[in-house]
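Undergrad:
2 protein chains.
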Amino acid sequence: MKSVRALIPDWISECRGTSLRDDLLAGTITAVLLVPQGMALALLAGLPPILGLYAGILPPILYALFGSSRTMAVGPASVAALLVATALGGLGHAPGSAEAIQGAITLAALSAVILLAMGFLRLGALANYLSHPVLAGFVSGAALVIIFSQLPQLTGVALPRDAALPEQLMALINGLAGLQPPLLLMGGCGMILLFLARTPLVLLLQKMGLQAGPAKLLSRCAPLMIVLLATGLTALLGLERLGIPVVGDIPAGLPQPSLDFLHLTDWRALLPAALVISIIGYVESVSVAKALAWRRRQRIDPNRELLALGAANAGAAFSGTMPVAGGFARSVVNFDAGARTQFAGIVTALLVALTALFLTPLFQSLPLPILAALIVVAVIPLIDLHTFRAAWHYDKADGLAMLITFLGVVLVDIEMGLLAGLCLSVIALLWRTSHPHVAVVGRVPGTDYYRNVSRHEVETWPNLLLLRIDESLYFANTAYVEQLVGNALAQRPEVRHVVLICTAMNHVDLSAVETLQGMALNLREAGVTLHLAGVKGPIMDRLRTSGLMEALGEGHIYFNTEQAVLDLVSQNRSPAHF
Amino acid sequence: MKSVRALIPDWISECRGTSLRDDLLAGTITAVLLVPQGMALALLAGLPPILGLYAGILPPILYALFGSSRTMAVGPASVAALLVATALGGLGHAPGSAEAIQGAITLAALSAVILLAMGFLRLGALANYLSHPVLAGFVSGAALVIIFSQLPQLTGVALPRDAALPEQLMALINGLAGLQPPLLLMGGCGMILLFLARTPLVLLLQKMGLQAGPAKLLSRCAPLMIVLLATGLTALLGLERLGIPVVGDIPAGLPQPSLDFLHLTDWRALLPAALVISIIGYVESVSVAKALAWRRRQRIDPNRELLALGAANAGAAFSGTMPVAGGFARSVVNFDAGARTQFAGIVTALLVALTALFLTPLFQSLPLPILAALIVVAVIPLIDLHTFRAAWHYDKADGLAMLITFLGVVLVDIEMGLLAGLCLSVIALLWRTSHPHVAVVGRVPGTDYYRNVSRHEVETWPNLLLLRIDESLYFANTAYVEQLVGNALAQRPEVRHVVLICTAMNHVDLSAVETLQGMALNLREAGVTLHLAGVKGPIMDRLRTSGLMEALGEGHIYFNTEQAVLDLVSQNRSPAHF
Numbered sequence: 037m038k039s040v041r042a043l044i045p046d047w048i049s050e051c052r053g054t055s056l057r058d059d060l061l062a063g064t065i066t067a068v069l070l071v072p073q074g075m076a077l078a079l080l081a082g083l084p085p086i087l088g089l090y091a092g093i094l095p096p097i098l099y100a101l102f103g104s105s106r107t108m109a110v111g112p113a114s115v116a117a118l119l120v121a122t123a124l125g126g127l128g129h130a131p132g133s134a135e136a137i138q139g140a141i142t143l144a145a146l147s148a149v150i151l152l153a154m155g156f157l158r159l160g161a162l163a164n165y166l167s168h169p170v171l172a173g174f175v176s177g178a179a180l181v182i183i184f185s186q187l188p189q190l191t192g193v194a195l196p197r198d199a200a201l202p203e204q205l206m207a208l209i210n211g212l213a214g215l216q217p218p219l220l221l222m223g224g225c226g227m228i229l230l231f232l233a234r235t236p237l238v239l240l241l242q243k244m245g246l247q248a249g250p251a252k253l254l255s256r257c258a259p260l261m262i263v264l265l266a267t268g269l270t271a272l273l274g275l276e277r278l279g280i281p282v283v284g285d286i287p288a289g290l291p292q293p294s295l296d297f298l299h300l301t302d303w304r305a306l307l308p309a310a311l312v313i314s315i316i317g318y319v320e321s322v323s324v325a326k327a328l329a330w331r332r333r334q335r336i337d338p339n340r341e342l343l344a345l346g347a348a349n350a351g352a353a354f355s356g357t358m359p360v361a362g363g364f365a366r367s368v369v370n371f372d373a374g375a376r377t378q379f380a381g382i383v384t385a386l387l388v389a390l391t392a393l394f395l396t397p398l399f400q401s402l403p404l405p406i407l408a409a410l411i412v413v414a415v416i417p418l419i420d421l422h423t424f425r426a427a428w429h430y431d432k433a434d435g436l437a438m439l440i441t442f443l444g445v446v447l448v449d450i451e452m453g454l455l456a457g458l459c460l461s462v463i464a465l466l467w468r469t470s471h472p473h474v475a476v477v478g479r480v481p482g483t484d485y486y487r488n489v490s491r492h493e494v495e496t497w498p499n500l501l502l503l504r505i506d507e508s509l510y511f512a513n514t515a516y517v518e519q520l521v522g523n524a525l526a527q528r529p530e531v532r533h534v535v536l537i538c539t540a541m542n543h544v545d546l547s548a549v550e551t552l553q554g555m556a557l558n559l560r561e562a563g564v565t566l567h568l569a570g571v572k573g574p575i576m577d578r579l580r581t582s583g584l585m586e587a588l589g590e591g592h593i594y595f596n597t598e599q600a601v602l603d604l605v606s607q608n609r610s611p612a613h614f
Numbered sequence: 037m038k039s040v041r042a043l044i045p046d047w048i049s050e051c052r053g054t055s056l057r058d059d060l061l062a063g064t065i066t067a068v069l070l071v072p073q074g075m076a077l078a079l080l081a082g083l084p085p086i087l088g089l090y091a092g093i094l095p096p097i098l099y100a101l102f103g104s105s106r107t108m109a110v111g112p113a114s115v116a117a118l119l120v121a122t123a124l125g126g127l128g129h130a131p132g133s134a135e136a137i138q139g140a141i142t143l144a145a146l147s148a149v150i151l152l153a154m155g156f157l158r159l160g161a162l163a164n165y166l167s168h169p170v171l172a173g174f175v176s177g178a179a180l181v182i183i184f185s186q187l188p189q190l191t192g193v194a195l196p197r198d199a200a201l202p203e204q205l206m207a208l209i210n211g212l213a214g215l216q217p218p219l220l221l222m223g224g225c226g227m228i229l230l231f232l233a234r235t236p237l238v239l240l241l242q243k244m245g246l247q248a249g250p251a252k253l254l255s256r257c258a259p260l261m262i263v264l265l266a267t268g269l270t271a272l273l274g275l276e277r278l279g280i281p282v283v284g285d286i287p288a289g290l291p292q293p294s295l296d297f298l299h300l301t302d303w304r305a306l307l308p309a310a311l312v313i314s315i316i317g318y319v320e321s322v323s324v325a326k327a328l329a330w331r332r333r334q335r336i337d338p339n340r341e342l343l344a345l346g347a348a349n350a351g352a353a354f355s356g357t358m359p360v361a362g363g364f365a366r367s368v369v370n371f372d373a374g375a376r377t378q379f380a381g382i383v384t385a386l387l388v389a390l391t392a393l394f395l396t397p398l399f400q401s402l403p404l405p406i407l408a409a410l411i412v413v414a415v416i417p418l419i420d421l422h423t424f425r426a427a428w429h430y431d432k433a434d435g436l437a438m439l440i441t442f443l444g445v446v447l448v449d450i451e452m453g454l455l456a457g458l459c460l461s462v463i464a465l466l467w468r469t470s471h472p473h474v475a476v477v478g479r480v481p482g483t484d485y486y487r488n489v490s491r492h493e494v495e496t497w498p499n500l501l502l503l504r505i506d507e508s509l510y511f512a513n514t515a516y517v518e519q520l521v522g523n524a525l526a527q528r529p530e531v532r533h534v535v536l537i538c539t540a541m542n543h544v545d546l547s548a549v550e551t552l553q554g555m556a557l558n559l560r561e562a563g564v565t566l567h568l569a570g571v572k573g574p575i576m577d578r579l580r581t582s583g584l585m586e587a588l589g590e591g592h593i594y595f596n597t598e599q600a601v602l603d604l605v606s607q608n609r610s611p612a613h614f
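Protein sequence lines, in the order shown, are assigned to chains P and Y. Using our numbering, you'd call the opening residue of the first sequence number 37 and step up by one each time. Using our numbering, you'd call the opening residue of the second sequence number 37 and step up by one each time.
1) Can you name the residues of chain P whose CB is closer than 7 Å to the CB of Gly573 of chain Y?
2) State the beta-bridge partners of Glu495 of chain P as determined by DSSP.
3) Can you pull the chain Y residues whose beta carbon is under 7 Å from the beta carbon of His168 of chain P, in chain order?
4) What residue from Y:Leu566, Y:Ala353, Y:Thr597, Y:Ala67 has the CA that sits closest to Gly591 of chain Y's CA?
5) Can you tell me which of the three DSSP states Val474 of chain Y falls into?
6) Report the rounded CA-to-CA distance for Arg528 of chain Y versus Pro498 of chain Y, giving the unit in angstroms.
7) Extract the residue ranges of the alpha helix (DSSP H) inside the stretch 75-155 of chain P, only unbroken runs of 4 or more that lie entirely within it.
8) Is there a Cβ from chain Y that is less than 8 Å from the Cβ of Val462 of chain P?
9) DSSP three-state label for Val535 of chain P, please.
10) Should Ser401 of chain Y be flagged as near chain P, meaning a C-beta pair shorter than 8 Å?
11) Does Arg578 of chain Y come within less than 8 Å of chain P when only Cβ atoms are used?
12) Taking just the CA atoms, how far does His129 of chain Y sit from Glu135 of chain Y?
13) Taking the CB atoms as reference points, tell me whether Phe184 of chain Y and Leu201 of chain Y lie closer together than 8 Å.
14) What are the residues in the stretch 473-495 of chain Y lying within 9 Å of chain P by C-beta distance?
15) Nearest to Ile97 of chain Y by alpha carbon, out of Y:Ala350, Y:Ile262, Y:Met227, Y:Leu230?
16) In whole angstroms, what separates the C-alpha of Leu466 of chain Y from that of Ser167 of chain P?
17) Chain P beta carbons: is any one of them nearer than 8 Å to that of Leu465 of chain Y?
18) Whose C-beta lies closer than 8 Å to the C-beta of Val564 of chain P among residues of the same chain, with five residues either side of it excluded?
19) Interface residues of chain P around Asp431 of chain Y at Cβ under 8 Å?
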């Protein structure tokens with residue numbers, strides 16, 4: 037029963053009156069942004085522009101039916117498009133060729149399978165293992181690679197595809213003689229206008245007496261206006277004669293539903309790329325969806341997101357286009373434009389479908405430098421210097437993980453960069469937790485508080501050593517802690533009882549239990565008794581089943597430090613103090 | 037100055053009177069054990085038996101000069117010998133050939149370089165990342181592989197070298213027709229006598245009126261006695277005619293110091309094996325050294341151990357033999373026999389040298405099945421079912437890591453097994469810490485204690501949500517915690533203040549700070565203020581440098597939960613409660 041109800045989108049019940057009107061407006065604004073962006077992203081991926089529109093029709097409708105985000109806009113996305121381009125380039129498929137299209141469809145189908153499988157296995161939490169600095173480094177690197185990929189369209193200088201960035205930069209410098217001013221001029225103007233169409237235009241419109249709301253809406257229509265303006269100028273003035281390439285004939289019509297993706301050629305070769313596309317697409321989508329849901333106290337279900345994105349990618353494969361994801365920029369536009377439910381996403385999809393059916397002739401003379409400008413302006417904000425500065429400042433390990441990921445993506449290879457970042461963040465975690473803080477403590481006179489002897493004036497007892505361990509004990513730090521205990525004992529030959537204070541331990545693994553056991557036995561041979569204090573309930577339950585209790589021998593596990601001291605000091609009757 | 041003093045072994049100053057006499061006895065006992073074991077281990081490694089003696093001369097002397105353990109016995113070791121055999125087999129070198137010897141020397145030289153480099157870089161703590169279950173699984177698997185490697189000598193059935201164990205088992209079953217009863221009889225008798233020479237012999241001798249000490253010493257000489265008895269019988273009765281293979285002519289003499297290892301052939305191919313030999317040898321040696329040092333309150337310096345083991349392996353390469361390590365069994369014998377300082381190790385080395393010089397003709401008729409029996413009896417205790425049971429019982433993740441390592445070593449390949457175990461133990465750690473315990477808490481009436489609302493009768497306030505997080509926050513659990521906070525809030529629409537209680541957090545990484553920051557901002561948009569309480573000093577220092585303080589806005593960081601409640605409840609003046 038629950039599964040049947042889960043098939044009806046939650047948001048249907050919320051569609052009424054104002055909400056419908058808001059969604060209609062927001063969906064329209066988003067469509068206005070999506071049409072030129074979709075075509076540009078398809079070109080970035082090495083596909084015919086119409087496939088960018090196809091990626092904006094069936095996939096968002098499927099997401100709307102299954103997703104848990106009310107306002108995320110699913111469709112073509114920049115990092116996914118770059119990953120498609122890299123994967124197809126790696127197989128040697130020429131941009132726009134039939135093999136490239138077949139490869140993109142295969143990638144979408146594989147992504148659908150991966151995402152659906154992860155969803156059914158409830159592996160949504162796997163994406164959490166990608167830390168923020170690694171993701172930021174990855175996206176920043178990808179954005180830089182995307183910008184370089186647009187330079188041929190903006191300069192007329194041919195750059196080697198699939199080469200590392202330094203090599204591309206050298207080719208650009210060597211090829212500066214072949215610079216084509218018309219391209220540079222059109223692309224440059226496009227970029228400047230697109231930048232101005234953001235905050236400056238909003239401020240200008242507000243100065244002219246417009247409310248903030250309508251000013252923002254107008255600013256969001258600006259990219260389409262700029263595209264139409266450039267297209268009109270190119271057609272009217274015949275700029276094609278100056279060597280400015282245009283989109284050309286776009287076949288009108290809707291995607292032809294196809295099951296082509298069932299003959300998966302190349303699927304083995306494309307599997308690693310599909311895995312990266314799925315994971316990155318999912319992680320980015322979920323973080324967008326979460327950020328938006330928080331603002332309205334809505335919930336995102338990570339496993340439902342996997343299923344919904346899987347369905348959206350199946351829709352992409354079915355429509356014969358490239359993989360899709362939830363895009364950050366378009367989703368924020370949709371949200372800010374007032375979207376309440378996924379009805380907005382369906383409005384966008386229908387408008388894009390109408391464009392694909394009837395309006396493609398409008399874009400025939402659209403100059404490619406303008407589409408390149410659109411992409412560059414869209415991805416520049418993805419280069420996240422802010423996070424890098426914050427990471428470096430907060431913790432060198434986080435900063436290093438981001439830097440290595442970024443450099444790996446830019447200098448070596450997209451997948452290698454991601455892998456390097458993942459490994460480094462795990463190594464940093466191991467390193468950090470393997471050097472826990474361990475303090476020798478004593479009692480603050482007249483209280484039952486125990487504090488670090490090197491920072492406070494506290495009571496101590498010559499044959500009693502109190503050690504507080506500020507970390508969970510596990511294989512990577514157990515030897516370190518053992519070493520610290522050994523050192524502390526070597527300096528205090530008169531000690532007869534050691535109490536480990538475990539209040540900050542959230543877990544104790546088998547390696548740690550065995551170390552404690554060995555420590556207890558070895559200490560007994562040396563005439564010292566090991567005790568524990570302040571052990572949390574769940575840890576205590578496990579310790580009871582282990583051999584530690586026998587190894588402790590005369591040693592006790594005390595409820596807290598005070599109890600340990602009261603018991604051990606009285607039974608020792610150390611004459612120097614009592 | 038410090039470095040010059042570090043060159044003089046610490047134990048020199050402790051050598052006097054009784055200590056010298058104890059060391060003399062212990063060193064002799066250890067030598068009596070080492071002579072037959074060394075020859076057996078050399079054969080296991082695929083080398084001439086005399087190289088096993090060579091591995092017991094210069095390497096322990098060098099370890100004695102540089103090592104920090106007083107009582108560890110360094111020399112040929114079973115797992116290292118197996119790893120040498122596997123590596124040489126992988127290169128296709130026939131056992132006993134000149135290429136095999138050159139390969140073993142190369143491995144010793146590479147291990148020396150690796151260990152010395154790790155020592156100079158102070159990377160001793162790296163070995164801590166090998167968890168007890170993974171090490172136990174690895175050693176257990178290696179022991180089973182060693183036992184299978186001895187089956188041809190014990191049965192006369194030829195088994196395929198370098199094949200996985202199931203294949204070897206099939207070959208053994210298929211070859212049962214070729215079973216040679218004389219080998220089986222001699223090997224079987226050898227094993228039974230070697231087992232009886234342990235505890236049963238000690239008990240028998242004690243029953244016969246001997247003290248425990250002398251009884252143990254006699255039992256330790258038994259292996260040599262059994263070897264000499266078998267050799268004598270073989271020579272006297274001419275058992276070679278029955279098809280029992282013997283060690284044969286052993287060239288008498290000391291190792292010829294050689295710098296052959298400077299022409300490192302095959303070194304690229306042998307590097308991975310050398311890495312595993314170094315790391316495993318180091319980890320095993322240090323755990324032995326630590327266990328012994330604890331009993332006398334002595335200290336082990338992991339980085340000095342790396343240097344000393346590196347020197348010992350350089351000595352092995354210089355003597356033209358295989359890599360060495362600190363062996364568990366021989367070290368315990370040395371310790372129990374009363375060794376006080378490394379003078380015992382030097383005594384052992386000198387006695388082994390005398391054996392190599394003058395006594396090799398004694399071992400000419402030593403039957404190989406007896407040496408195989410010696411190895412099998414020595415490695416059976418390494419199959420650690422106890423740890424497996426304990427691990428499985430204590431924590432399925434620990435048990436699984438041990439099982440996968442064991443199966444990887446036995447069924448696939450020694451290095452792959454180790455790698456799989458390492459990966460699995462890191463994955464288990466990530467998994468564990470990524471699902472922290474988070475409790476909604478309330479105040480125990482009349483106190484300032486805060487406890488889980490679902491377990492205790494506590495006061496709560498409708499617009500105040502108190503959440504205690506029992507784990508350090510980092511990238512792998514930050515989304516999970518965010519999700520829990522979101523769920524808790526979705527169930528309580530009237531909440532206006534959320535307080536995260538951070539007393540159990542030992543670290544907060546950048547991903548977590550960013551999540552907290554996003555959470556604070558998103559909550560503000562929803563009209564809820566985020567606060568923290570009980571943040572530890574070092575974490576507080578870092579948070580201050582991050583953007584979290586601005587993101588909190590009206591939110592505070594309270595010293596403890598009580599302070600937060602006093603402040604927030606009074607300013608809210610929620611009429612329902614106050």
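Each residue gets a CB set at the ideal place from its N, CA and C atoms; glycine is no exception.
TA: Based on what the coordinates show:
1) Here residue 573 of chain Y refers to the residue found at position 537 of the second sequence. Simply none; closest approach about 10 Å.
2) Taking the first residue of the first sequence as 1, we reach residue 495 of chain P at position 459. Glu495 of chain P is bridged to P:Arg479.
3) Here residue 168 of chain P refers to the residue found at position 132 when the first sequence is read from its first residue. In chain order: Phe511, Leu546, Ser547, Glu550.
4) As a working mapping, residue 591 of chain Y is identified with position 555 in the second sequence. Closest by alpha carbon: Y:Leu566.
5) Taking the second sequence and counting its residues from 1, the one referred to as residue 474 of chain Y is at position 438. Of the three classes helix, strand and coil, the one that applies to Val474 of chain Y here is strand, per DSSP.
6) Within the second sequence, numbered from 1, the residue matching residue 528 of chain Y stands at position 492. Within the second sequence, numbered from 1, the residue matching residue 498 of chain Y stands at position 462. So the two alpha carbons sit approximately 8 Å from each other.
7) 86-90, 94-102, 114-126
8) To locate residue 462 of chain P, count along the first sequence from 1; it is residue 426. It does: the Cβ of Val462 of chain P has a partner Cβ on chain Y nearer than 8 Å.
9) As a position in the first sequence, residue 535 of chain P is number 499, starting the count at 1. Val535 of chain P: strand per DSSP, three-state reduction.
10) For the purposes of this step, residue 401 of chain Y is taken as residue 365 along the second sequence, with counting starting at 1. By this cut-off, Ser401 of chain Y is not an interface position.
11) If you number the second sequence from 1, residue 578 of chain Y lands on position 542. So yes, Arg578 of chain Y belongs to the interface.
12) On the second sequence, position 99 is the one that residue 135 of chain Y refers to. On the second sequence, position 93 is the one that residue 129 of chain Y refers to. Going from the Cα of Glu135 of chain Y to the Cα of His129 of chain Y covers about 6 Å.
13) The count along the second sequence starts at 1 and reaches residue 184 of chain Y at position 148. The count along the second sequence starts at 1 and reaches residue 201 of chain Y at position 165. Going by C-beta atoms, Phe184 of chain Y is nearer than 8 Å to Leu201 of chain Y.
14) His473
15) The count along the second sequence starts at 1 and reaches residue 97 of chain Y at position 61. Checking every option, the nearest Cα to that of Ile97 of chain Y belongs to Y:Ala350.
16) The count along the second sequence starts at 1 and reaches residue 466 of chain Y at position 430. The count along the first sequence starts at 1 and reaches residue 167 of chain P at position 131. Their Cα atoms are separated by approximately 12 Å.
17) Residue numbering aside, residue 465 of chain Y sits at position 429 when the second sequence is read from its first letter. Cβ-Cβ to chain P under 8 Å: yes for Leu465 of chain Y.
18) Counting from 1 along the first sequence, the entry for residue 564 of chain P is found at position 528. Contacts found: Leu525, Val531, Arg532, His533, Val534.
19) The sequence position of residue 431 of chain Y within the second sequence is 395, counting from 1. Near Asp431 of chain Y (Cβ distances below 8 Å), the residues of chain P are Asp545, Leu546, Arg578.
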